[in-house]
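J.: To convert, count from 1 in the sequence shown and add 1; that's the numbering used here.
Even for Gly, the Cβ is constructed at its ideal location relative to N, Cα and C.
Predicted model only: the values in this text are computed from it and were never measured.
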Amino acid sequence: MGEFTVKFRGVRGSYPVANKDFLQYGGNTSCVEINVGEHLVILDAGTGLISIGNELMKKYIMSGIHSKDRKAINATVLLSHIHQDHIHGFTFFRPLHIPSSNINVFGNVNYNENLSDELAQLLFGKSFPLDLGDIAGNLNIRDLNESEGIILKKDSDEPIIKRIETEQDLKTNEDDVLITYYRSYAHPQEGVLIYKISYKGKTLVYATDKESYEGGDKKLASFARDCNLLIHDAQYTTEDYMDLYAPKQGYGHSTFDMAFECKKQANAEKLVFFHYDPDYDDEKLNSIKEKFKSDSNIIMAYEGLEIDLL
C-alpha cells in the first residue's frame, strides 16, 4: 500500500535553543521528514535537518562494504522560504557531501532572483568553508512557479514538474505523490510557500511562518480543505501577540488560536502546532497544551513526534 509517515525533526522558530528547560519539545529549528510512497520529502532545512542527514549516512554506510555498492541517498527538500531558521541546517546535511547522493531542492525567492544564487550567498562562500559549487553530491536547486506542481512517481527518483491549470491537472496515478503550493504574503519580506502533499487520498498541508487575518485566512482554509493533517505556524500566544508594550502583530507569525481557527475553517482532521517562539520553554508549552487538551485532534509538535497518515 505504500507509506505516508511524518516525523518532526525541528519544531522551533527564529533560532535554535539548547537548554535543559527545552528538552521535552526540542530546540532545533524547522524541519519535517516525510516518507511517502518510496520517496523522502523534507519540509524546510532548519537545524532539525542535521539529524536526518546523520541517520541517512548510517543507512548508506550499512548498505554496502564499498561505496560503489551502497544505495544512493535520494531526497526532495521543499523550502518554505530562506530565512535563517529554515535553511541553516543545510550545509551540515552530510549526504550533500557524498558523490552518489541526489538531492533536489525546491523553493522560490524574488522574481528578479533565483534560489541557487541566494543560497550560495547566504550559506556558502564567506559563511562556510565550501562554495556551493564544491558540493560533491548531485544537488539540483530549482525555482518554483505557482502554476506548477511536483509529481514524484513510483520507481523514479527524478521529480516531474507539471503545469497546473485546471482541476483535471491535479489528477495523478494512484502511486504518484503530488505536491502543490501557493505563496502567502503574510510573512515579511517576500512571503512564504504553503505546501500540500497528496498521496493515496490523504493530504498534508504545511503552513509555517504565516500570519493570519481577522476572520481567518480564507485562501489557506480553501487550500487546506478537508486535509488529514494541517501543520500550522503557532509562534505566539494571543496574549504575547497582543501585548501592549511589545506586540507581535506584523511579525509574520500566527497564534495558537489562529491555527485552531484555521483547523475549523478548513475542516482539517488533525492540527499540529508548530514553529514555537524560542522563549517558550517546556513549562510554557505544557500550559498551552493544557488549554487545548479537550480536542484529541490537536497535537503539540515535538522533536521525534511521528504521525502515520495511512
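Shorter than 8 angstroms from the beta carbon of D144 to some beta carbon of chain C?
T.: No chain C appears in this structure, which consists of one protein chain only.
J.: With DSSP as the reference, label F91 as helix, strand or coil.
T.: helix
J.: Given that a residue counts as buried once 16 or more other Cβ atoms are within 10 Å of its Cβ, and exposed if not, what is N109?
T.: The residue is buried, with at least 16 neighbouring Cβ atoms inside 10 Å.
J.: Should the stretch 208-228 be regarded as contacting the stretch 180-198, the criterion being three or more beta carbon pairs within less than 8 angstroms?
T.: Verdict: yes, contact present.
J.: Of all the options R184, C32, H67, I232, which has the alpha carbon lying nearest to the alpha carbon of M301?
T.: I232
J.: Starting from L194, trace the beta strand (DSSP E) in both directions and tell me its first and last residue.
T.: 193-200
J.: In whole angstroms, what is the alpha-carbon distance linking L221 and S81?
T.: Roughly 14 angstroms between the two C-alpha positions.
J.: Going by beta-carbon coordinates alone, are R10 and M58 separated by less than 8 angstroms?
T.: no
J.: So I300 is in the beta strand (DSSP E); what residue range does that whole segment cover?
T.: 299-301
J.: What number of angstroms, rounded off, separates the C-alpha of I151 from the C-alpha of D227?
T.: 21 angstroms
J.: Should L272 be labelled buried (16 or more other beta-carbon atoms within 10 Å of its own) or exposed?
T.: buried
J.: Check each candidate in F93, L124, I136 and name the one with the smallest Cα separation from Q85.
T.: Looking at the Cα atoms, L124 is the closest of the given residues.
J.: Which partner residues of T181 appear in the DSSP bridge assignment?
T.: K197
J.: Quick check: what's the CA-CA separation for F224 versus S52?
T.: Approximately 31 angstroms, taken between the alpha carbons.
J.: Quick check: what's the CA-CA separation for Y182 versus F23?
T.: A straight line joining the alpha-carbon of Y182 with that of F23 spans about 32 angstroms.
J.: Would you grab the beta carbon distance between L120 and I162 for me? Rounded to a whole angstrom, and I think it's under 8 angstroms.
T.: A Cβ-Cβ distance of about 19 angstroms is found for the pair L120 and I162, leaving them out of contact under the 8 angstroms criterion.
J.: List the DSSP bridge partners of R71.
T.: R71 is not bridged by DSSP to any residue.
J.: With respect to the beta strand (DSSP E) encompassing Y207, which residues constitute its N-terminal and C-terminal limits?
T.: 203-208
J.: Given A73, which residues of its chain have a CB within under 7 angstroms of its CB, disregarding the five upstream and five downstream residues?
T.: So the list reads S101, S102, N103, once near-sequence residues are dropped.
J.: In angstroms, rounded to a whole number, what distance separates the CA positions of E56 and M63?
T.: 11 angstroms
J.: What does the Cβ neighbour count give for E304, buried or exposed, with the cut at 16 atoms within 10 Å?
T.: buried
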